[in-house]
Amino acid sequence: KPVVAIVGRPNVGKSTIFNRIVGERVSIVEDIPGVTRDRIYSSAEWLTHDFNIIDTGGIDIGEEPFLEQIRQQAEIAMDEADVIIFLTNGREGVTSADEIVAKILYRTKKPVVLAVNKIDNPDMREMIYDFYALGFGDPFPISGSHGLGLGDLLDEVAKNFPKDEGQEYPDDVIKFSLIGRPNVGKSSLVNAFLGEDRVIVSDVAGTTRDAIDTSYTYEEQEYVIIDTAGMRKKGKVYETTEKYSVLRALRAIERSDVVLVVLNGEEGIQEQDKKIAGYAHEAGKAVIIVYNKWDIVEKDEKTMNKVTKEIREHFRFLEYAPIVFVSAKTKQRVHALLPVINRVSENHSMRVQSSVLNEVIEDAVAMNPAPTDKGRRLRLYYTTQVSVKPPTFVVFVNDPELMHFSYERFLENRIREAFDFEGTPIRIITRART
Ligand code: GDP
């Protein structure tokens, strides 16, 4: 998917525009800490286009002075985006801070679309003429607070999307990424993988964008490790900020089938680990929990059970995820990861037979009748799997309002008991039969 970034000095309305473009999205997730709040990255749609959008204004660069912050944000946009929206404020005219942003953006070869915000009514349109001076062609007048002009702006943005929006890799290639806090051992694990016997590294892939993925083959299965370079430290100021690493992680997750959530056995589980794991779950990816640095954990025969219990308690929303204890340093059990990756990847794209599925649901309903509400009982007519990655089921019922979260959980558990969906989230959608 193409990536769009919004840049501009503070107070031009970046987050308002971001939220307008993203639209209202209701989070379906209950107990995941802080995933959708405080958002700087999201998928969005305009007409037939699917894209991702970044609000660079939400990435605060530590203690840096204000001008340095907006410089860094413009750098991020140039590094991360396919199309850049340069946002200004029509009510204040062109300011010197706008000129600084412009100067940085002159260096990019990526398309820049200039938008002038806070043009709340047609009488104000003449305010946009000053902005030609910034040198990015026709300015697009918009109003974030009134939602005006966004259609024309997005048409222009979409015109500049890269031509090949096709698939990056063939379907039978397993794409996975490693995510986790700094220093949990992601890069070490990648090196340990690639150093395995019989692993054949085909190339450090030049995808259309950056050379960031690594392809390899093991026992005739092709794999791509997504965003390997994102784990290296390249020494730019913003790369150490938390928001930026979240942004990288979100982008890697999105391009993956399987996500390895790496924990650091030396430090144990931390709040940030939960947040990171929540992103993978919410994105509907297959998930494996990798407990790294097992070599330096002081242990007896009970330790593995104890840690497993602790992980399960902290990551309740990842009940389905297998846990693998490894050491990137000694390579202990690193070889055990590939079979697990294969297995969860298969489950992630598994389709079950409708007849069997409906038997499972009927048995479930017989065992534990559906809830009633004000004298009306939920009736389940028919269930069908509508998609994979993750497996998604539609249950046709008399009235979706009668479906409760707890009953949905019950059905999910029955489906999980009947089929092997280890490692993958599954989704249940309730629809009224028409
Ligand atoms: P990243 O930031 O997640 O990519 O983490 P790195 O791979 O750079 O590792 C951070 C530090 O932890 C380095 O000093 C590694 O040598 C060390 N490290 C990584 N994996 C292990 C492990 O399994 N055991 C031990 N003892 N150290 C490890």
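Residue numbers for the sequence shown follow UniProt numbering, beginning at 3 and rising by one. From the three backbone atoms N, C-alpha and C, an ideal C-beta is built for every residue, glycine too.
Alpha helix (DSSP H) segment containing residue i, residue limits
i         : result
residue 1 : With the chain covering only 3 through 436, there is no way to say anything about residue 1.
Tyr-383   : Careful: Tyr-383 lies outside any alpha helix (DSSP H), inside the beta strand (DSSP E) at 382-389.
Ala-46    : Ala-46 -> not in any alpha helix (DSSP H); beta strand (DSSP E) instead, spanning 43-48.
Leu-191   : 188-196
Tyr-220   : That residue, Tyr-220, is in no alpha helix (DSSP H); its beta strand (DSSP E) goes 215-220.
Arg-269   : The sequence shown places Glu at residue 269, rather than the Arg named in the question. No alpha helix (DSSP H) holds Glu-269; DSSP gives it neither H nor E.
Ser-357   : 356-369
residue 2 : Since the first residue shown for the chain is 3 and the last is 436, residue 2 is missing from the structure and cannot be characterised.
Thr-230   : Premise fails: Thr-230 is in no alpha helix (DSSP H) and is neither H nor E.
Alpha carbon of residue i to alpha carbon of residue j, nearest angstrom
i       : j       : result
Pro-12  : Ile-72  : 8 angstroms
Ser-247 : Ala-282 : 14 angstroms
Asp-259 : Val-396 : 22 angstroms
Ala-285 : Ser-44  : 11 angstroms
Ile-417 : Arg-314 : 20 angstroms
Val-186 : Asp-302 : 22 angstroms
Lys-16  : Leu-252 : 20 angstroms
Thr-18  : Leu-89  : 11 angstroms
Thr-436 : Val-103 : 54 angstroms
Asp-132 : Pro-67  : 27 angstroms
Gly-208 : Val-226 : Interpretation of Gly-208 is limited by its pLDDT of 46, a score under 50 that renders its predicted location unreliable; no figure is taken from the coordinates.
Arg-335 : Glu-424 : 19 angstroms
Lys-308 : Ala-160 : 52 angstroms
Asp-401 : Val-85  : 43 angstroms
Thr-305 : His-337 : 21 angstroms
Glu-419 : Val-292 : 24 angstroms
Ile-121 : Ser-145 : 5 angstroms
Ala-117 : Asp-229 : 31 angstroms
Glu-364 : Phe-407 : 18 angstroms
Val-328 : Leu-69  : 44 angstroms
Glu-268 : Ala-279 : 18 angstroms
Asn-54  : Val-9   : 14 angstroms
Ile-428 : Gln-355 : 15 angstroms
Asn-360 : Val-289 : 27 angstroms
Val-14  : Val-115 : 15 angstroms
Ala-372 : Arg-379 : 7 angstroms
Val-261 : Val-96  : 44 angstroms
Ala-83  : Glu-222 : 34 angstroms
Arg-93  : Pro-124 : 13 angstroms
Closer than 6 angstroms: residue i CB and nearest the ligand GDP heavy atom
i       : result
Ala-79  : no
Gly-187 : yes
Ala-420 : no
Lys-331 : yes
Ile-298 : yes
Lys-295 : yes
Pro-324 : no
Ser-247 : no
Arg-190 : The sequence given here has Ser at residue 190, not Arg. At least one heavy atom of the ligand GDP is nearer than 6 angstroms to the Cβ of Ser-190, so yes.
Pro-184 : yes
Beta-bridge partners of residue i, as assigned by DSSP
i       : result
Ile-61  : Ile-61 pairs with nothing; no bridge assigned.
Arg-379 : Thr-374
Ile-430 : Phe-395
Pro-143 : Val-118
Val-9   : Phe-88
Asn-344 : Answer by DSSP bridge pairing: none, since Asn-344 is not bridged.
His-283 : DSSP lists no partner for His-283.
Leu-150 : Ser-145
Leu-262 : Leu-180 and Ile-290
Thr-53  : It is Phe, not Thr, that sits at residue 53 in the sequence shown. Its beta-bridge partners are Ala-46.
Ile-202 : Thr-219
Residue i - containing beta strand (DSSP E), residue span
i       : result
Ala-288 : 288-294
Asn-91  : 85-91
Tyr-225 : 223-227
Phe-327 : 325-327
Ser-179 : 176-181
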